[in-house]
Every structure is written in C-alpha cells, then in structure tokens.
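When we follow the numbering used here, the leftmost residue of the sequence shown carries the number 3, and every step to the right adds one.
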Amino acid sequence: MPTHVVVLAAGQGKRMMSQLPKVAHAVAGRPLIGWVLEAVRPLEPASTVVVVGHGADQVHPHLPDGVVAAVQEEQMGTGHATQVGLDALGEVGADDTIMVLYGDMPLLTTALLQHLAERPAEVVTRMVTSIFDDPSGYGRVIRDEDGFVVEVVEERDCDDVQRAVREVNAGAYGFRAKDLIDALGGVSNHNAQSEYYLTDVIGILVGRGERLEPVEATPEEVVGINSQDQLTDAGRLLQARINHDLMQSGVWMLDPERTYVEDTVTVAPGARIYPGVHLEGKTTVGAGAQVGPDVFAVDSTIGAGSTVWYAVLRGAIVGDECEVGPYASLRPGTVMEKGAKVGTFVETKNTTLGEKAKAPHLSYLGDATIGARSNIGAGSITCNYDGYEKHHTVVGEDVFIGSDTMLVAPLTVGDRAVTGAGSVITNDVEAGALAVERSEQQEIPGYSQRRAERHTGKQNED
Ligand code: UD1
Ligand code: CA
C-alpha cells in the first residue's frame with residue numbers, strides 16, 4: 003500500500019525563546035525539519051506534505067523539491083494541523099498509510115519509520131512510543147490491564163496516576179487513511195489548551211474496537227526538541243552518529259567527542275581528524291589529509307594529503323599535498339594549487355597560490371595571483387586597497403619576494419624577479435630583475451657613547 007507523509011511544522015516553538023520558527027533551528031548541519039525529511043526520503047513516499055505556519059518563509063527554503071507546503075494560518079493544535087496536511091495530500095486510497103510525524107524530532111531513523119509504513123492491513127494504526135526516565139512534557143500512553151493502548155493523555159490533562167506513567171507518545175504514527183480522516187472529524191478542543199489534539203484520534207479508534215499497535219523506540223530516537231538545551235543534546239547525539247559513520251568508513255579521529263562535522267560534509271577514508279575541528283557546509287576533505295587540531299572550515303575543500311592545523315577556512319580551496327597553518331586564515335576566493343604552503347600568521351583572500359608557491363610567515367595576500375614555486379618572504383604583504391578600490395597583484399613564477407616587501411597594487415612582478423627586503427614596490431618589475439627600494443644605510447661611529455654621556459653625564463661602563 004502506498005504511504006503518504008504529513009510532517010507538522012507550523013508551531014512557533016515558544017520554549018525556544020527565539021525569533022526563528024522551531025523547525026528551522028539547525029543542528030549538526032541541518033534544520034530540524036531537514037533531519038525529519040532525510041529520514042523519510044529513503045521510504046520514497048507517494049506524497050509528502052509539510053504543514054507550515056509560524057515563520058513559514060524561514061521554513062520554505064529548507065523543503066526539497068517534490069515536498070508540498072500546506073499553510074496552517076492559525077495554530078489550533080496537532081489535530082487541526084493534520085487536517086490541513088490531509089487537505090493538501092491529493093489523491094489518497096482508503097487503505098493507504100498516512101504517516102504523521104512532528105517536525106521537531108531530528109533523531110528519527112528510517113528504520114523506525116519503515117515499521118510505520120509496513121503497517122499490516124488489519125492494523126488500523128501503528129504509533130511510536132518510548133519509555134522515558136523523565137516523561138515530563140510528553141503525552142502519556144495509557145494502557146488497560148491487558149496491556150492494550152487505550153488512549154494518549156496530554157500532560158496538562160493528566161490525573162496523578164496518569165502523570166506517573168513513563169511511556170510517552172513519541173509523535174510518529176502510521177494510520178490507515180480512511181480511519182484517520184474519519185476519526186479526525188470527531189476530535190474536539192475540550193482540553194486544558196483548547197486545542198484540537200491529534201492524539202485524541204487514538205482514543206477514538208480504540209473506542210471503536212480497532213486494532214492498534216505500539217512500536218517501541220529508544221528515548222534517543224524520538225526525543226522532541228522544545229528548548230535550546232534539548233537542541234544541544236540532540237546535536238550531540240547526531241554528531242556521535244555522524245562521527246561513528248565516518249569512522250566506520252575509515253576516517254581516523256583522535257577524539258570524536260570534540261570533532262564537529264556537519265552532515266553535509268564529505269570526508270574521504272584515510273583522512274585524519276584531530277580534536278577541535280569544525281567542518282561545515284559543503285566542505286570536503288580528501289584521503290590522507292590531516293585536519294586539526296583546531297580548524298574551522300566552512301564551504302571549503304581540503305585536498306588529499308594536505309595538512310591543515312590551527313586555521314580558519316571560509317570558501318577556500320586547498321589543493322592536494324598543501325600545508326596550511328599553524329595560525330592561518332584563508333578567506334573566500336583563496337585557491338592553493340598542489341604543494342602550496344600558507345604558514346604561520348598568514349591571511350589570504352581572493353588569491354591563488356600556484357604549485358609549490360609558499361607564504362610561510364606573517365603575510366597578507368589579498369587579490370593576488372602568485373606563480374608556481376614563488377616564495378613570499380616573511381612579513382611581506384599586498385597593499386591591495388587604496389581606501390577606495392581593491393587592486394590586483396600578479397607575482398610570476400619562481401619569484402623571490404624578500405622579507406617585508408610591500409607590494410603596492412596594481413602591480414606585476416615578472417618571472418624569476420627578486421625584491422630586496424624592506425622594499426616598497428610601486429612599479430612593475432621586469433622578469434629576472436632585482437627591485438630594491440631602500441635608502442642607503444648610514445653609520446655614525448661612537449654614537450652610543452655620546453648618547454650615554456648626554457643622559458647621565460658619565461662615561462659608559464664598557
Ligand atoms: C505533542 C503530542 C504529545 C507528544 C509530543 C512528543 C499532541 C496533542 N501532543 O506534544 O502527545 O508526547 O508531541 O514530542 O499531539 N504543530 C503544528 N500546528 C499546531 C500545533 C503543533 O504544526 O497547531 C506542530 C509543531 O510545530 C510541532 C509538532 O506539531 O512540530 C508538535 O507540536 P508541539 O507543540 O511540540 O506538541 P507537544 O506539546 O510537544
Ligand atoms: Ca514537541
């Protein structure tokens with residue numbers, strides 16, 4: 003039987019204390035809603051609807067193609083939201099399965115959802131439950147003496163006996179379509195929150211003598227996010243899953259608990275990751291690369307066999323067998339070709355370093371093209387900004403830029419040229435030439451002696 007999916011995501015999430023709608027909060031590289039949809043995707047449902055409302059504009063961008071958004075104008079409860087979702091589903095067969103999921107459950111697994119999709123024809127509903135040490139905040143699953151589920155009672159509507167129950171409603175269900183549609187019509191809002199509860203459907207169906215099957219999940223899998231600290235806890239669990247999968251695939255990690263790799267990142271087998279590494283967005287790491295300790299990289303490439311440590315990379319491409327750091331900042335538009343080096347206290351922006359080009363110490367290279375095998379001496383910088391506009395610097399191949407050279411852009415230094423240490427280079431330099439810009443050194447003998455006498459009236463000790 004085909005499966006249709008309705009994800010409820012219209013709530014504001016007041017307890018998040020945030021402007022952002024709850025399901026748009028990101029954890030381990032995806033928004034909450036993204037994690038739920040990722041778990042759903044392999045099931046290839048016939049249709050998927052996400053019910054949006056609060057901050058719909060901020061949720062829309064996270065919905066992949068093929069997922070339909072239905073707007074719940076006013077948040078009148080999960081039952082009402084489900085109705086809005088059903089109306090947007092299109093054609094549904096009476097015996098199809100409608101899976102209803104809450105959008106704030108980022109740890110849902112495909113394997114668990116599979117159980118809901120595989121509901122046997124004679125079972126009207128499969129619902130996920132879990133035993134929590136601390137069930138507070140959740141709806142309680144009430145069973146009769148024979149152990150059959152009879153209803154779900156929201157915490158605020160519980161009596162003392164019900165409140166003591168530790169089995170909770172997770173917020174993931176597989177309903178037979180016709181029964182859900184029918185039972186929803188019977189849900190009222192006579193409860194502590196004056197909302198239409200989807201959970202009332204359970205009691206209605208059981209009351210009709212229908213067969214309902216609970217599916218028990220671990221508390222981890224079904225945790226619902228309502229606050230910032232729960233978001234952080236979920237992030238830790240998701241990160242552990244990501245790191246586990248990476249290590250299974252052959253990535254070495256010294257300390258997975260201090261390694262933060264978003265789900266959108268690719269790390270090749272054989273890479274080595276040290277603690278304090280944050281890899282975000284569309285970052286990729288090649289085989290045999292060493293990353294860390296202490297690297298933050300977003301939307302960047304780290305090539306095979308490269309070493310990057312104590313560094314920040316934003317929109318940078320580091321080729322194979324390169325060296326970056328310690329203490330380097332690679333800003334957007336940085337491209338390092340094979341074997342290039344950006345060393346200690348070096349910042350680059352919109353700059354290409356050719357093969358084996360090196361800037362080992364204390365440099366700023368902005369809007370520059372550095373040819374293959376050229377060496378940028380310690381303390382040298384490109385003066386790329388005149389206060390109004392940015393200008394480009396071209397350094398040819400096999401160039402030797404002496405220490406502390408100021409390269410005032412726009413500027414071209416020809417292949418094999420040399421600049422003298424401390425020079426301020428404002429004119430283009432011909433290939434193979436030496437450019438020095440330096441006043442002559444003066445020497446005044448006996449100066450130190452006369453200076454000491456001036457200040458103390460005495461002769462120097464030595
Ligand atoms: C709900 C369940 C509770 C369960 C818990 C699990 C109900 C009545 N209660 O409670 O039994 O233990 O989840 O986490 O279903 N939403 C809408 N529109 C609305 C209201 C909610 O789209 O009008 C969405 C929210 O965005 C959220 C989800 O439904 O993603 C659940 O809503 P939430 O307010 O978090 O429900 P809980 O009080 O946690
Ligand atoms: Ca919730």
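All C-beta atoms in this analysis are idealised placements derived from N, C-alpha and C, irrespective of residue type, glycine included.
Taking Cβ to Cβ, would you say Lys-351 is nearer than 8 Å to Gly-368?
In this structure, the beta-carbon distance from Lys-351 to Gly-368 falls below 8 Å.
Got a sec, what are the start and stop residues for the beta strand (DSSP E) Lys-351 sits in?
Going by DSSP, Lys-351 is part of the beta strand (DSSP E) stretching over 348-355.
Going by DSSP, what residue range makes up the beta strand (DSSP E) through Leu-214?
Counting along the chain, the beta strand (DSSP E) containing Leu-214 begins and ends at 214-218.
If you drop the 5 nearest sequence neighbours on each side, which residues of the same chain put their C-beta closer than 7 Å to that of Gly-252?
Result list for Gly-252: Pro-271, Gly-272, in chain order.
With a cut-off of 8 Å, do at least 3 Cβ pairs link the stretch 123-137 to the stretch 173-185?
At 8 Å Cβ cutoff, the stretches touch.
What did DSSP end up calling Gln-74 once you bin it into helix, strand or coil?
Gln-74 falls in the coil class under three-state DSSP.
For Asn-171, which residues does DSSP report across the bridge?
Bridge pairing for Asn-171: Thr-131 [DSSP].
Top-ranked residue by Cα proximity to Lys-340, from Val-438, Gln-116, Lys-24, Thr-309
The shortest C-alpha separation from Lys-340 is found at Thr-309.
Alpha carbons only, please: which of Glu-212, Glu-120, Ser-138, Glu-157 is nearest the one belonging to Val-151?
Comparing Cα positions, the closest option is Glu-212.
Glu-325, DSSP secondary structure in three states
Correct three-state label for Glu-325: strand.
Determine the burial state of Leu-240: buried for a count of at least 16 other Cβ atoms within 10 Å of its Cβ, exposed for fewer.
The C-beta of Leu-240 has 16 or more other C-beta atoms within 10 Å across all chains shown, which makes the residue buried.
So what does DSSP say about Leu-281, is it helix, strand or coil?
DSSP places Leu-281 in strand when its eight states are reduced to three.
Let me make sure I understand the geometry here. Which of Asp-59, Thr-384, Ile-35 has the alpha-carbon closest to that of Gly-226?
Put simply, of Asp-59, Thr-384, Ile-35 the residue whose alpha carbon is nearest the alpha carbon of Gly-226 is Ile-35.
Can the beta-carbon of Tyr-312 be found less than 8 Å from the beta-carbon of Gly-327?
With contacts defined by Cβ atoms closer than 8 Å, Tyr-312 and Gly-327 form a contacting pair.
Just verifying my parser: in three-state terms, what is the DSSP assignment at Ala-411?
Coil, per DSSP.
Thinking C-alpha only, which one of Thr-131, Asp-301, Pro-122 is nearest Leu-110?
Comparing Cα-Cα distances from Leu-110 to each of Thr-131, Asp-301, Pro-122, the minimum goes to Thr-131.
Which term fits Asp-388, buried or exposed, when burial requires 16 or more other beta carbons within 10 angstroms of its beta carbon?
Its Cβ having fewer than 16 others within 10 Å, Asp-388 is exposed.
Per-residue burial, Pro-44 [other beta carbons within 10 Å of its own, 16 or more giving buried]:
Counting other Cβ atoms within 10 Å of its Cβ, Pro-44 stays below 16 and is therefore classed as exposed.
His-82: CB within 7 Å of a non-hydrogen atom of ligand 1:
Yes; taking the cut-off as 7 Å, the Cβ of His-82 has a heavy atom of ligand 1 nearer than that.
Classify Val-426 as buried or exposed, calling it buried when 16 or more other Cβ atoms lie within 10 Å of its own Cβ.
By the neighbour-count criterion, in which a residue is buried when 16 or more other Cβ atoms sit within 10 angstroms of its Cβ, Val-426 is exposed.
Do you know how far the Cα of Leu-39 is from the Cα of Asp-67?
Cα to Cα, Asp-67 sits roughly 11 Å from Leu-39.
Tell me Leu-332's beta-bridge partners as DSSP assigns them.
Answer by DSSP bridge pairing, in chain order: Leu-315, Thr-350.
Counting Cβ pairs, one atom from each stretch, are 3 or more of them under 8 Å apart for the stretch 22-36 and the stretch 253-268?
Contact holds: three or more Cβ-Cβ distances are below 8 Å.
Apart from the five residues just before and just after Asp-235, which ones in its own chain have a Cβ nearer than 8 Å to its Cβ?
Cβ within range, chain order: Val-225.
Just to confirm my understanding: we take Gln-230, look at its own chain, exclude 5 residues before and 5 after, and list those with CB closer than 8 Å. What are they?
A distance below 8 Å between beta-carbons, with the five flanking residues on each side excluded, links Gln-230 to the following residues of its chain, in chain order: Met-18, Met-19, Ser-20.
Could you say which of Thr-201, Ile-383, Arg-375 lies nearest to Leu-364 if we only look at CA atoms?
If we check each option's Cα against that of Leu-364, Ile-383 comes out closest.
CA-CA distance, Ala-11 and Pro-221?
Taking the straight line from one Cα to the other gives about 21 Å.
Restricting to Cα atoms, I'd like to know which of Glu-215, His-117, Gln-60, Val-52 is closest to Ala-481.
A question about residue 481 goes unanswered here, because the residues of the chain that appear run from 3 up to 464.
Beta-carbon spacing of Val-154, Val-143 below 8 Å:
Result yes, Cβ atoms of Val-154 and Val-143 sit closer than 8 Å.
Nearest to Asp-159 by alpha carbon, out of Asn-191, Ala-172, Phe-134, Leu-186?
Minimum Cα distance to Asp-159 is reached at Asn-191.
Below 6 Å CB to CB, which residues in the same chain sit around Lys-392 once its five sequence neighbours on both sides are set aside?
Asp-369, Asn-386.
Can Gln-77 be considered in contact with ligand 1, in the sense that its beta carbon sits closer than 7 Å to one or more heavy atoms?
Within the cutoff, so yes.
Would you mind stating whether Glu-349 and Arg-333 have Cβ atoms separated by less than 8 Å?
If you check the CB distance, Glu-349 and Arg-333 come in under 8 Å.
Below 8 Å between beta carbons: does that hold for Leu-114 and Ala-185?
Annotated as distal: Leu-114 and Ala-185, with beta-carbon spacing of 8 Å or more.
Could you tell me how far apart the beta carbons of Gly-381 and Asp-417 are, in whole angstroms, since I believe they sit closer than 8 Å?
Incorrect: roughly 23 Å between the Cβ atoms, too far for contact.
In terms of residue numbering, what span does the alpha helix (DSSP H) encompassing Gly-205 cover?
Counting along the chain, the alpha helix (DSSP H) containing Gly-205 begins and ends at 202-209.
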